[in-house]
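Residue numbers (numbering that gives the first Met the number 0), protein chains in the order written: chain A, 0 to 624; chain B, 0 to 624.
Protein chains: 2
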Amino acid sequence: MAKEKRSIDDLTMWDDAKQMIRKAEKDGVETVWDRLEQQTPHCPFCEQGLTCQKCVMGPCRISEKKPRGVCGADADLTVARNFGRFVAAGAASHSDHGRDLVETLLAIGQGKTTDYTVRDEEKLRRIAGEIGLDVAGKDTKTLAKEVAESMTQDFGFATKSLGFMSRVPAKRRELWKKLGITPRGIDRDIVEMMHRTHMGVDSDPVSLCLHSARLCLGDGWGGSMIGTELSDVIFGTPTPTTGKVNLGVIQEDQVNILVHGHSPIVSEMVLAAVNDPDLLAAAKAAGATGINLAGLCCTGNELLMRQGVPMAGNHLMTELAIITGAVEMILVDYQCIMPSLVQVSSCYHTKFISTSDKAKFAGAEHVEFNHTNAKEQARKVVRMAIEGFKLRDKSRVDIPGEPVELMTGFSNEAILGALGGTPDPLIDAIKAGAVRGAVGIVGCNNPKQKHDYVHVNLAKELIKRDILVLVTGCATVAMGKAGLMMPGAASQAGDGLKAVCESLGIPPVLHVGSCVDNSRILHLCGVLANALGVDIADLPVAASAPEWYSEKAAAIGLYAVASGIYTHLGLPPNITGSEMVTGLALGGLNDVVGACFAVEPDPFKAADLIDARIKAKRKGLGLSE
Amino acid sequence: MAKEKRSIDDLTMWDDAKQMIRKAEKDGVETVWDRLEQQTPHCPFCEQGLTCQKCVMGPCRISEKKPRGVCGADADLTVARNFGRFVAAGAASHSDHGRDLVETLLAIGQGKTTDYTVRDEEKLRRIAGEIGLDVAGKDTKTLAKEVAESMTQDFGFATKSLGFMSRVPAKRRELWKKLGITPRGIDRDIVEMMHRTHMGVDSDPVSLCLHSARLCLGDGWGGSMIGTELSDVIFGTPTPTTGKVNLGVIQEDQVNILVHGHSPIVSEMVLAAVNDPDLLAAAKAAGATGINLAGLCCTGNELLMRQGVPMAGNHLMTELAIITGAVEMILVDYQCIMPSLVQVSSCYHTKFISTSDKAKFAGAEHVEFNHTNAKEQARKVVRMAIEGFKLRDKSRVDIPGEPVELMTGFSNEAILGALGGTPDPLIDAIKAGAVRGAVGIVGCNNPKQKHDYVHVNLAKELIKRDILVLVTGCATVAMGKAGLMMPGAASQAGDGLKAVCESLGIPPVLHVGSCVDNSRILHLCGVLANALGVDIADLPVAASAPEWYSEKAAAIGLYAVASGIYTHLGLPPNITGSEMVTGLALGGLNDVVGACFAVEPDPFKAADLIDARIKAKRKGLGLSE
């Protein structure tokens with residue numbers, strides 16, 4: 000069972016990361032890789048999904064010798080219940096994030112905030128129409144209120160269907176109806192999963208897996224899509240721009256503030272504050288040349304997409320960014336914020352500030368943001384960071400590497416805009432085989448894999464094969480650091496994709512946003528399927544989460560599959576203890592929803608699998624392979 | 000670690016159960032006790048709440064050697080996250096059950112069903128007023144629709160507070176507000192817990208525990224209370240009546256149908272069908288003398304409270320009931336239905352029928368009930384049971400024991416009605432010390448404990464001390480079988496309680512319903528506190544779940560404590576791996592919400608603990624101890 004200790008070269012493909020892992024050792028700071036080593040080997044029962052702690056008749060472990068838990072649940076049921084809760088938590092996270100945007104828009108509509116406004120009124124009007132509201136003659140505030148109220152109902156269990164169901168191709172909607180997996184209410188379907196997985200409720204693994212799919216559809220076409228679309232309405236719809244990425248974006252001579260988490264609601268206010276002349280003056284008075292805001296994780300993606308704010312790193316870089324010794328403050332909202340960051344911060348002069356009432360951190364300072372105090376709180380935390388600059392120990396500062404440039408801002412509006420307002424040029428390129436298909440590479444990092452290695456090599460392999468790559472979340476930083484997000488990377492693409500990229504001046508890997516923004520990819524698939532008069536499952540597209548770790552990523556994977564998109568995972572969820580559930584995931588779902596999962600840690604083999612799917616789908620549409 | 004095999008006398012206190020456990024051995028049927036033996040010893044990490052499977056960087060196990068998971072979560076955080084999900088599932092179950100009643104009432108109001116009607120119009124009007132609706136001049140259907148629509152909003156995240164907050168004493172509401180634990184929306188608070196427990200969201204164990212309390216309050220004063228009150232509106236508010244209990248209620252010469260689960264929606268329709276003359280004739284033609292409907296678990300409680308339908312048994316009796324060999328059909332809705340019942344049924348001629356789209360059972364037959372087909376489906380399943388009677392193997396039938404009589408039907412309306420319409424006589428009796436206090440004994444069975452032994456002995460010990468016992472759920476069957484639910488049992492009470500019971504003609508242990516009906520106890524506490532002008536925490540009352548096993552029971556316990564009610568548990572939840580969380584539960588919460596938990600497996604010691612609390616509270620009110 001004992002494993003040989005992995006060398007630093009096995010942990011990550013990046014020099015900036017390696018340099019900081021070495022510094023962590025020197026500084027005596029524990030990192031995620033140290034803890035993974037401690038926790039390896041993992042419990043084989045938990046790893047296979049075969050433990051149950053859902054009542055105190057147990058806990059139980061299912062094995063050949065003990066084939067049933069105290070209640071009588073077997074391996075299939077135990078795994079299906081665990082997986083149901085796993086994706087329920089993922090969907091809950093995205094959707095509760097979307098809810099915060101609904102509440103912000105409602106506050107705008109009700110005139111309860113001046114800190115937030117509608118920056119993209121045209122999009123507000125367009126969305127209002129899509130979800131079935133009467134737009135004519137209404138002012139922005141009224142419309143903001145009505146859109147927010149309508150979306151509030153999407154979370155409940157009123158009888159109407161989710162607003163954005165209008166974006167789902169008719170064939171797909173029919174299939175969901177036939178299967179009984181049309182999402183009803185975003186919260187309702189999540190809560191029902193918690194009910195179904197209680198002892199003695201849903202005790203049929205197939206029924207549980209179908210409801211898992213349903214609640215994930217409520218995430219993709221509901222909670223996440225609301226999160227994306229309202230973020231655009233409130234903070235502006237992204238348009239192509241450039242940014243920079245890697246630890247080199249941290250500035251030795253400036254006050255460095257890192258924002259981490261997933262929502263733009265807090266970070267956009269901090270961005271405004273760091274440009275405040277009074278605060279800049281205060282920073283200078285403290286001996287800094289300025290205030291540098293940089294992003295981590297998906298809050299970073301939100302700021303990068305809309306504002307070109309530099310990105311310090313992805314999931315596995317969050318501890319390492321602090322280890323530079325040059326970070327005055329890490330300011331977090333919620334999701335994927337390793338609790339260890341509080342300890343890492345305490346090893347330096349770094350202030351760790353939590354901002355959300357639903358995400359406090361033991362040992363951290365809490366500065367709560369809400370709709371009426373956000374601008375003021377943002378200025379407060381920036382002042383705190385400036386104070387922190389005075390405490391920086393210059394002898395412990397080490398900022399590795401030079402930032403790499405990338406292009407960003409490829410919202411669907413921007414993509415369709417670049418194509419002249421219709422998807423036809425893209426469809427023509429697909430039909431001609433210049434672009435053979437498109438793949439969304441999404442998701443996290445996982446210390447079990449060599450950091451960013453699967454992301455980068457999969458993307459390189461796909462663009463070589465004339466497959467366009469759309470990227471979100473932590474995968475973005477990987478592609479950016481690898482230089483794949485600049486137009487020049489077209490030279491690494493196959494001839495067809497290269498020509499298309501060069502004619503449009505775009506890179507072969509397009510940044511479409513944060514992890515809730517995978518809903519942009521769903522929407523684009525809907526647009527393409529409708530334009531072709533086919534189902535999403537007929538398109539030459541796929542998804543991949545090569546280095547995923549989170550419950551949210553599992554929910555994304557399942558809404559992709561249930562929407563008809565073949566989805567590659569770099570490592571499996573904890574389901575391998577059930578042949579039935581594993582078989583359904585890796586094949587059986589194909590006959591049910593027209594797509595399934597593939598698990599493959601090797602990026603080159605994964606590219607072959609995805610390519611085979613795209614060939615089959617091209618053939619199905621009567622196109623060249 | 001290895002335990003000696005427990006003798007049958009250690010498993011249960013009842014002869015009917017012992018006889019069937021022996022028959023199970025003879026018939027080669029596996030029971031819950033066999034599986035518990037297989038699963039013992041339990042994993043110590045899981046048992047202490049120290050495992051985490053919430054992402055695939057893990058799974059992790061926290062120990063002294065490995066004090067943090069891969070993300071950095073320590074023991075306190077790991078336990079708090081696990082417990083948060085545990086109670087979230089419990090609250091989700093009750094609330095999703097309540098939702099079904101809301102949908103039924105809405106269907107009535109919209110004229111979409113004739114199978115269901117409003118049987119207690121007066122209660123509908125009263126509730127409508129309590130939740131703030133204008134009642135005057137509205138007909139029943141309109142009011143049904145408006146009440147259902149208002150309650151639908153209680154599940155969502157509109158800004159108004161839950162309808163039944165009007166029942167909470169002002170001091171308690173103020174406290175919740177101060178603590179930030181006023182429930183907002185029933186589903187919202189559950190979903191937010193799933194979000195908070197995702198990796199990198201709420202990473203402060205105290206914050207998680209407070210949110211656990213909040214979502215449980217949304218269960219007690221929301222989902223469960225809605226479930227109770229609308230069940231009364233639709234199926235009638237219980238009034239005192241008598242019933243019978245134990246396996247002896249199964250009839251050797253009749254077609255036996257057992258209903259199991261938690262909701263009256265299906266079982267009330269089956270009750271109507273078994274009285275259908277055509278079906279009775281069919282039963283006779285099949286050689287039976289009639290059709291016998293009996294209840295198990297909380298569906299049984301619902302039918303017992305309102306209709307006096309006999310109760311075959313509680314949680315640990317569900318397998319044993321089938322082992323009599325005389326059950327033609329077990330018909331289930333949802334919750335606490337051991338998946339093993341499908342296997343046990345297949346060892347006999349028993350048909351196992353599932354009825355709810357959210358609770359299917361692998362290997363069972365599914366006959367789905369909805370608002371428009373319920374009466375028809377009920378007749379269908381009764382016909383199936385009659386067919387099954389012909390297949391019964393008489394040589395394998397063994398029905399133990401004689402039924403015991405009990406009184407039931409003590410809704411708050413019935414209790415207050417018996418007191419002349421006001422709580423004053425009860426308050427006077429409390430002030431005088433004739434009734435020193437009241438304790439709700441609630442919850443399940445757990446095979447780790449000697450079946451019903453803790454229930455019965457705790458109740459006996461409390462009534463001896465002039466403490467009135469209210470009983471719900473599986474505890475009911477225990478008290479009923481022990482003869483404590485007949486007026487004659489007053490002779491076992493202390494002099495004060497005895498006199499009160501005798502003057503009113505009631506038993507010292509009052510049946511107030513199923514497990515959602517613990518909301519009746521909350522409501523009654525609210526009424527008493529308001530009448531006295533105090534907080535619930537000031538009342539000489541307590542709760543006890545002596546033999547609990549389920550996530551729902553944990554949610555009930557926490558809403559009781561957060562409402563100010565001291566709560567005894569016969570065994571601990573999986574939290575003992577965190578000193579902080581355990582300390583909060585067993586004491587710290589006292590300073591926060593004015594009540595906490597006590598864990599004590601011994602019923603006599605538990606009675607002492609409860610008695611001490613009641614003494615202290617009586618003293619606080621200036622009363623004799």
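Every residue, glycine too, gets a C-beta built ideally from N, C-alpha and C.
- Bounds of the beta strand (DSSP E) holding H259 of chain B are V254 to H259.
- The Cβ of V31 of chain A sits closer than 9 Å to at least one Cβ of chain B.
- Spatial neighbours of L123 of chain A in its own chain (CB-CB distance under 8 Å, excluding positions within 5 residues in sequence) are listed in chain order as V117, T139, L142, A143, V146 and V232.
- Legend: CB atoms of the segment 343 to 370 of chain A lying less than 9 Å from CB atoms of chain B belong to residues V343, S353, S355, D356, K357, A358, K359, F360, A361, G362, A363 and H365.
- As DSSP reads the structure, L405 of chain A sits in a beta bridge with A:G242.
- Collapsing the DSSP output to three states places F351 of chain A in a strand.
- Residues of chain B with a Cβ closer than 9 Å to the Cβ of Q334 of chain A are, in chain order, H194, H197, M198, G199 and V200.
- If you ignore the 5 residues before and after A498 of chain A, its C-beta comes within less than 8 Å of the C-beta of A433, all in its own chain and listed in chain order.
- The residue among A:V403, A:A23 and A:E46 with its C-alpha nearest the C-alpha of T575 of chain A is A:E46.
- Contact with chain A is found for E102 of chain B, since one of that chain's Cβ atoms lies less than 9 Å from the residue's Cβ.
- Contact note: G324 of chain B does not reach chain A at a C-beta cutoff of 7 Å; the least C-beta distance is about 19 Å.
- A Cβ-Cβ separation of about 6 Å places M193 of chain B in contact with A87 of chain B under the 8 Å criterion.
- Cβ atoms of R435 of chain B and R617 of chain B come within 8 Å of each other, at about 7 Å.
- Residue pairing from DSSP places R60 of chain B in a beta bridge opposite B:T50.
- In this structure, DSSP gives Y565 of chain A an extended state, which the three-state scheme calls strand.
- Closest by C-alpha distance to I520 of chain B, out of B:S353, B:K17 and B:M224, is B:M224.
- For a cut-off of 8 Å, the C-beta gap from L246 of chain B to I398 of chain B is around 6 Å, short enough to register as a contact.
- For S160 of chain A, the three-state secondary structure derived from DSSP is coil.
- Taking a beta-carbon distance threshold of 9 Å, I185 of chain B counts as an interface residue toward chain A.
- DSSP places T471 of chain B inside the beta strand (DSSP E), whose first and last residues are I466 to T471.
- For T141 of chain B, there are no C-beta contacts with chain A under 7 Å, since the nearest C-beta of that chain is about 18 Å from it.
- At a cut-off of 9 Å between beta carbons, N573 of chain A contacts chain B.
- A straight line joining the alpha-carbon of C51 of chain A with that of P43 of chain B spans about 13 Å.
- Around the beta carbon of G487 of chain B, fewer than 16 other beta carbons sit within 10 angstroms, so the residue counts as exposed.
- For D218 of chain B, the CB contacts under 8 Å within the same chain, skipping 5 residues up- and downstream, are G89, A90, H93, S94, I185, A554, I555 and Y558 in chain order.
- In summary, the residues of the segment 533 to 564 of chain A whose CB is separated from some CB of chain B by less than 9 Å are W547, Y548, S549, E550, K551, A552 and A553, in the order they occur in the chain.
- Fewer than three beta-carbon pairs drawn from the segment 4 to 17 of chain A and the segment 24 to 37 of chain B are found closer than 8 Å, and the two stretches are therefore not classed as touching.
- Across the structure, L330 of chain A and A287 of chain A are spaced so that their CA atoms are roughly 19 Å apart.
- DSSP, read as helix, strand or coil, puts E550 of chain B in helix.
- Contact between the segment 257 to 266 of chain A and the segment 350 to 368 of chain A is established, with three or more Cβ pairs separated by less than 8 Å.
- I385 of chain A: member of the alpha helix (DSSP H) spanning A373 to F388, first to last residue.
- Residues of chain B with a Cβ closer than 8 Å to the Cβ of T50 of chain A are, in chain order, C42, C45, T50 and Q52.
- Against chain B, the beta carbon of V69 of chain A has neighbours under 8 Å at V31, R34, L35, Q38 and P446, listed in chain order.
- In this structure, the alpha-carbon of G416 of chain A lies about 15 Å from that of H510 of chain A.
- Take A536 of chain A, set aside five residues on each side of it, and the residues of its chain with a beta-carbon closer than 6 Å to its own are G563, G593 and A594, in chain order.
- Taking the CA atoms as reference points, L608 of chain B sits about 39 Å from E364 of chain A.
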